[in-house]
Amino acid sequence: MSQWVTKGLATGVKATHYPRAAETAPGTSPGMPAATSLPAARAQLVAARCPTAALRQVPSGVEVDRRRCVHCFRCVRETESPVDWDAGCQWAELLAGSERRGRSLGRAFSRSLHILVVDAGDCGACLSEVRQLNNPYYNMHRLGFFLTPTPRHADVLLVVGALTEHMRLPLRKAYEAMPAPKRVVAVGSCALSAAIFSPSFICAGGVGKLLPVDVEVPGNPPPPLAILHGLLLVAGRKPPSGTDAVRAGANQDRLR
Amino acid sequence: MTAMGRLLVLILVLCGAGAALSLFAGRRRRPAIVGWLGSAAALALLWFSGSGLFAGAPFHATLWSIPSLATVTLSLDRLSALFLFVSGLVLLPGSIFAAGSLGRYVGRYSLRAFSVPYFALFATLVLIPLSADAASFLMLWELMSVLTYLLVSYEDETDGQRRSAYLMLAVGEAGTVLIALGFIVLANSGPLEFVAMKAAGATLGAQGRWAVFLLAFLGFGVKAGLVPVNFWLPRAYTAAPAAFVPVLAGATLNLGLYGIVRVAGELLPASMVGPGLVALGVGSLTALLGILYATTQSDLKMLLAHSSIENAGIITAGFGAGLVFVASGHGSLGSIALAAALYQMVNHSVYKALLFFTVGAVDSSVRTRNIDRLGGLIKVMPFTALFFLVGALSIAALPPFAGFVSEWLTLQTLLLSAELGSTGVKIVFALCGAALALTAGLAVTCFVKAFAMGFLGMARSEEARHARPARIWAIVPMAGLALLCLALGLTPTYVIPVLGRAAAPITRVGAAQALVPPFFAANPHHGELPAAFVAEFHALGAEVGERLMPGRGLVVLHRGGKANPVVFAMSTAYMAAVLALMLLVAYVVFRLVIARRRAVERRAVWAGAIPRLLPEMTYTGTGFSNPVRVVFEALFRPTIVEDTRETVGLHFRAAIRRIRGENHLLDRFVLDPIADSALWVSNGFGRLHHGVLNAYVLYGLVALIVALLVGRFS
Ligand code: SF4
Numbered sequence: 003m004s005q006w007v008t009k010g011l012a013t014g015v016k017a018t019h020y021p022r023a024a025e026t027a028p029g030t031s032p033g034m035p036a037a038t039s040l041p042a043a044r045a046q047l048v049a050a051r052c053p054t055a056a057l058r059q060v061p062s063g064v065e066v067d068r069r070r071c072v073h074c075f076r077c078v079r080e081t082e083s084p085v086d087w088d089a090g091c092q093w094a095e096l097l098a099g100s101e102r103r104g105r106s107l108g109r110a111f112s113r114s115l116h117i118l119v120v121d122a123g124d125c126g127a128c129l130s131e132v133r134q135l136n137n138p139y140y141n142m143h144r145l146g147f148f149l150t151p152t153p154r155h156a157d158v159l160l161v162v163g164a165l166t167e168h169m170r171l172p173l174r175k176a177y178e179a180m181p182a183p184k185r186v187v188a189v190g191s192c193a194l195s196a197a198i199f200s201p202s203f204i205c206a207g208g209v210g211k212l213l214p215v216d217v218e219v220p221g222n223p224p225p226p227l228a229i230l231h232g233l234l235l236v237a238g239r240k241p242p243s244g245t246d247a248v249r250a251g252a253n254q255d256r257l258r
Numbered sequence: 007m008t009a010m011g012r013l014l015v016l017i018l019v020l021c022g023a024g025a026a027l028s029l030f031a032g033r034r035r036r037p038a039i040v041g042w043l044g045s046a047a048a049l050a051l052l053w054f055s056g057s058g059l060f061a062g063a064p065f066h067a068t069l070w071s072i073p074s075l076a077t078v079t080l081s082l083d084r085l086s087a088l089f090l091f092v093s094g095l096v097l098l099p100g101s102i103f104a105a106g107s108l109g110r111y112v113g114r115y116s117l118r119a120f121s122v123p124y125f126a127l128f129a130t131l132v133l134i135p136l137s138a139d140a141a142s143f144l145m146l147w148e149l150m151s152v153l154t155y156l157l158v159s160y161e162d163e164t165d166g167q168r169r170s171a172y173l174m175l176a177v178g179e180a181g182t183v184l185i186a187l188g189f190i191v192l193a194n195s196g197p198l199e200f201v202a203m204k205a206a207g208a209t210l211g212a213q214g215r216w217a218v219f220l221l222a223f224l225g226f227g228v229k230a231g232l233v234p235v236n237f238w239l240p241r242a243y244t245a246a247p248a249a250f251v252p253v254l255a256g257a258t259l260n261l262g263l264y265g266i267v268r269v270a271g272e273l274l275p276a277s278m279v280g281p282g283l284v285a286l287g288v289g290s291l292t293a294l295l296g297i298l299y300a301t302t303q304s305d306l307k308m309l310l311a312h313s314s315i316e317n318a319g320i321i322t323a324g325f326g327a328g329l330v331f332v333a334s335g336h337g338s339l340g341s342i343a344l345a346a347a348l349y350q351m352v353n354h355s356v357y358k359a360l361l362f363f364t365v366g367a368v369d370s371s372v373r374t375r376n377i378d379r380l381g382g383l384i385k386v387m388p389f390t391a392l393f394f395l396v397g398a399l400s401i402a403a404l405p406p407f408a409g410f411v412s413e414w415l416t417l418q419t420l421l422l423s424a425e426l427g428s429t430g431v432k433i434v435f436a437l438c439g440a441a442l443a444l445t446a447g448l449a450v451t452c453f454v455k456a457f458a459m460g461f462l463g464m465a466r467s468e469e470a471r472h473a474r475p476a477r478i479w480a481i482v483p484m485a486g487l488a489l490l491c492l493a494l495g496l497t498p499t500y501v502i503p504v505l506g507r508a509a510a511p512i513t514r515v516g517a518a519q520a521l522v523p524p525f526f527a528a529n530p531h532h533g534e535l536p537a538a539f540v541a542e543f544h545a546l547g548a549e550v551g552e553r554l555m556p557g558r559g560l561v562v563l564h565r566g567g568k569a570n571p572v573v574f575a576m577s578t579a580y581m582a583a584v585l586a587l588m589l590l591v592a593y594v595v596f597r598l599v600i601a602r603r604r605a606v607e608r609r610a611v612w613a614g615a616i617p618r619l620l621p622e623m624t625y626t627g628t629g630f631s632n633p634v635r636v637v638f639e640a641l642f643r644p645t646i647v648e649d650t651r652e653t654v655g656l657h658f659r660a661a662i663r664r665i666r667g668e669n670h671l672l673d674r675f676v677l678d679p680i681a682d683s684a685l686w687v688s689n690g691f692g693r694l695h696h697g698v699l700n701a702y703v704l705y706g707l708v709a710l711i712v713a714l715l716v717g718r719f720s
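Chains as they are written, first to last, in the numbering used here: chain A, 3 to 258; chain U, 7 to 720.
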């Protein structure tokens, strides 16, 4: 019974090395379609297959709006001209925009970031990925990131879900209850663009319609590493380049 | 006639005039009479007892004396002066408050029925501590019982109120009988003056002393609210009109304690440890039970009533500890314990009267006292809330308010049992100390609940939302008592010597010597202390304030032997000054340094982002005290009736109704058995009343035969 110390020591650190080193374990990211050069006719066909209009035809081929992609794989499966596939996971983006927006929180927060998670109409997928952040493998405590149940202690509002009508008021209240400086991280394609739902009678289209979003984490759902990337960005800790190497090919068999 | 005599006559004349005037004056004038004459009489009482208490002015009068039958004497010593002074402190604001709150009865009740007994009771309260012989004492005691009965049953709207008053009268009468028996045993067929009884007490054997002690303790314990004879108290306090409860808690309760102190402490020589231990144990038990029931109450008045029981318990425990110390030859430790007990008594009268005033004000403005229907009153009744807060802080024994010093001293006293020889006694002290410490902790819970749930948060009813602020007749008495709470908390070094002198007949040592070392250089006793000791304390700042005030110092300190020169030490005055300074510094730093560089934004309270926070969603008093209820479930033994309605097929419950009833521990173990056996006996008699005529004839015949046989053969 009391061997857990020795056993623990013998087991060693099993958590991911990200962001210090690249994540190489297989299956940690589903990947994301990448911009591909295709002949115009092909490009038009591929773009038409995309259900959320994430693919756009450009003179060189197709471009991907990551914010809208829902990983349906229609653009790679059962098609003559599959798009290129990016197997990484550092998809999060710090938005540049107005003065406040898109800036990270600054040094004081870089190793102590308190996060309030709000489910604004999520199907459970993104929330499930967010939950993984606390498990022993992703273990975000090692980075100084903590979940908090009250906005009074929160620095970051992490929103998942398409922002339904009923969640507008609670979300605004939660944001207003947070002390400044505060940042908003939108996680998942629903939170970013309400990809397949909006605009409709039940949601207006993304968290950005209500709150100033600072970091966007695309993906449907984004894998934990992508969310971690977003949090690192908002904390002002840009992971060094070259760490975004999820082992290529690990997922390639799934694509066909 | 001496000046003191003239003052006493003035008090009695004012009371008489008040009673007479309210008999004849117009209906609308009567409240004003209670206010003016009552407070004038209270001022005269303060003057009278103050000169006895502070200056030691003597007063002794033999009213009449029939040789070999009865002598009626009145006499004032410092002990009775202390109790009179406290009565005055409560009756002065009490009369003003009564005058104001009687207004709501105009047209519904006869105001005469209040003011005439009120003045009569006033005079009785003045005379009881003065009477120095058993006959007049008992007569006055009886009068007090009847008059309090009349006043408690004044509002007789519901059957419960009348019943509560009856119960009080009945238990009070039983107590009087016990007291009378105690006096008879003590007098030992000698004269009934206290002086003579004291002499008789010295010659009494151990059994006689035990008998007198137990009779007096139980008999006076009725009025003092001690276990097991206090079941009447919460009911009577709740039934009594708001204008009268403060007097009940601040004056008549004290007289019960006065009786115990007078008889068990002074008339009986303190030579046995046993009685002291009994008082200590009963006091601790009373305190613990009182606060447990107080914490779980949701009626504010009932809560305060139970807390009065708690306080009476603490006082009695302190007194018991004092008796033990005195009996085992530690006069100076005894004086500390008695000073603590009397201090607690003074404090309790002041803050309990204050709290009852605030609850009276709340009741008259919101028309409910149920904590679960109040809430948010601080917005509509800011002054009342402030004064309640002062009272709550005092009663929860938080410095720098009244209540802290006395409870702290009481607990310290119990720790002093290390000085006592017997291990058994030490164990009792330790157990009682633990009980009292638990009591102190629960008292904080109880009054956090009372204040936070009653006055903070959201209003839980329409009435509470639209309550009108308290009127001036309520504000003035409350403000006066709140200031007094602060003063009593800040100046223990001035209060303790006075209390010590009052208890001197029992301990034969003043408490000042043991507790208030003369740190101020201007004091003539300054030289008493070893110079090195004084220098050490001056280095800590014990001479601060020397220029500002006379007296011995501002530090309460008990000196021990060589091994531990300071047993305990504390100064609420310095503590309060430091506290104020720290608050000020924090405020200044915040305002000038922090807030200047930051924008302050005010947003609504965070309530989990629900659309609208409803009062029903907030924490209630019942919810707050539920942990206590659950932990002590075995003691409360609630009766729970659960009623469920099920849908067809008995698969799902459609509704559950749960009724929780509570029967007080003492009701279960004392009142109910007595009531049941009385009912059983009277039922037996009842059956005899309605029997068959032939059977009666048979009884007669049998009795006749038995009588004849007995007569024949004896
Ligand atoms: S995976 Fe589906 S949603 Fe994403 S770009 Fe391809 S077709 Fe569009």
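Virtual Cβ for every residue (Gly too), placed ideally from N, Cα, C.
Nearest neighbour of residue i, chosen from the options [CA to CA]
i: Val78 of chain A; options: A:Val189, A:Leu47 and A:Ala164; result: A:Leu47
i: Glu131 of chain A; options: A:Thr150, A:Val158, A:Arg44 and A:Pro220; result: A:Pro220
i: Glu82 of chain A; options: A:Pro41, A:Ser106 and A:Cys128; result: A:Pro41
i: Gly282 of chain U; options: U:Val330, U:Leu274, U:Asp305 and U:Ala293; result: U:Val330
i: Gly296 of chain U; options: U:Val284, U:Leu306 and U:Ser314; result: U:Ser314
i: Arg471 of chain U; options: U:Leu448, U:Pro405 and U:Val386; result: U:Val386
i: Leu213 of chain A; options: A:Leu159, A:Gly190 and A:Pro226; result: A:Leu159
i: Arg618 of chain U; options: A:Lys175, A:Arg109, A:Ala89 and A:Leu107; result: A:Lys175
i: Val606 of chain U; options: A:Arg144, A:Lys211 and A:Pro183; result: A:Pro183
i: Met169 of chain A; options: U:Val712, U:Gly614, U:Asn632 and U:Pro644; result: U:Gly614
Spatial neighbours of residue i in its chain, beta-carbon cut-off 6 angstroms, leaving aside the 5 residues before and after
i: Arg635 of chain U; result: Thr302
i: Leu224 of chain U; result: Leu184
Own chain, CB closer than 8 angstroms to residue i, minus 5 neighbours either side, in chain order
i: Ala206 of chain U; result: Leu192, Ala193, Asn194 and Gly196
i: Arg718 of chain U; result: none
i: Arg558 of chain U; result: Thr499, Pro503, Ala518, Val522, Pro523, Pro524, Phe525, Phe526, Asn529 and His531
i: Gly109 of chain U; result: Pro37
i: Trp93 of chain A; result: Met34, Arg68, Val219, Pro220, Gly221, Pro224, Ala228 and His231
Cβ neighbours of residue i in the same chain (closer than 7 angstroms, five flanking residues each side left out)
i: Val288 of chain U; result: Leu232, Val233 and Thr322
i: Glu148 of chain U; result: Thr182
i: Gln167 of chain U; result: Ser159, Glu161 and Ala245
Residue i CB to nearest heavy atom of the ligand SF4 below 8 angstroms
i: His73 of chain A; result: yes
i: Arg618 of chain U; result: no
i: Val1 of chain A; result: Lying outside 3 to 258, the shown extent of chain A, residue 1 of chain A is not represented and no answer is given.
i: Arg70 of chain A; result: yes
i: Arg76 of chain A; result: yes
i: Val66 of chain A; result: yes
i: Leu57 of chain A; result: yes
i: Pro223 of chain A; result: no
i: Cys192 of chain A; result: no
Residue i burial status per 10 Å Cβ neighbour count (16 or more: buried)
i: Leu685 of chain U; result: exposed
i: Ala681 of chain U; result: exposed
i: Gly697 of chain U; result: exposed
i: Gln5 of chain A; result: exposed
i: Thr445 of chain U; result: buried
i: Tyr139 of chain A; result: exposed
i: Ile456 of chain U; result: Sequence inspection shows Ala at residue 456 of chain U; the Ile mentioned does not correspond to that position. The residue is buried, with at least 16 neighbouring Cβ atoms inside 10 Å.
i: His312 of chain U; result: buried
i: His670 of chain U; result: buried
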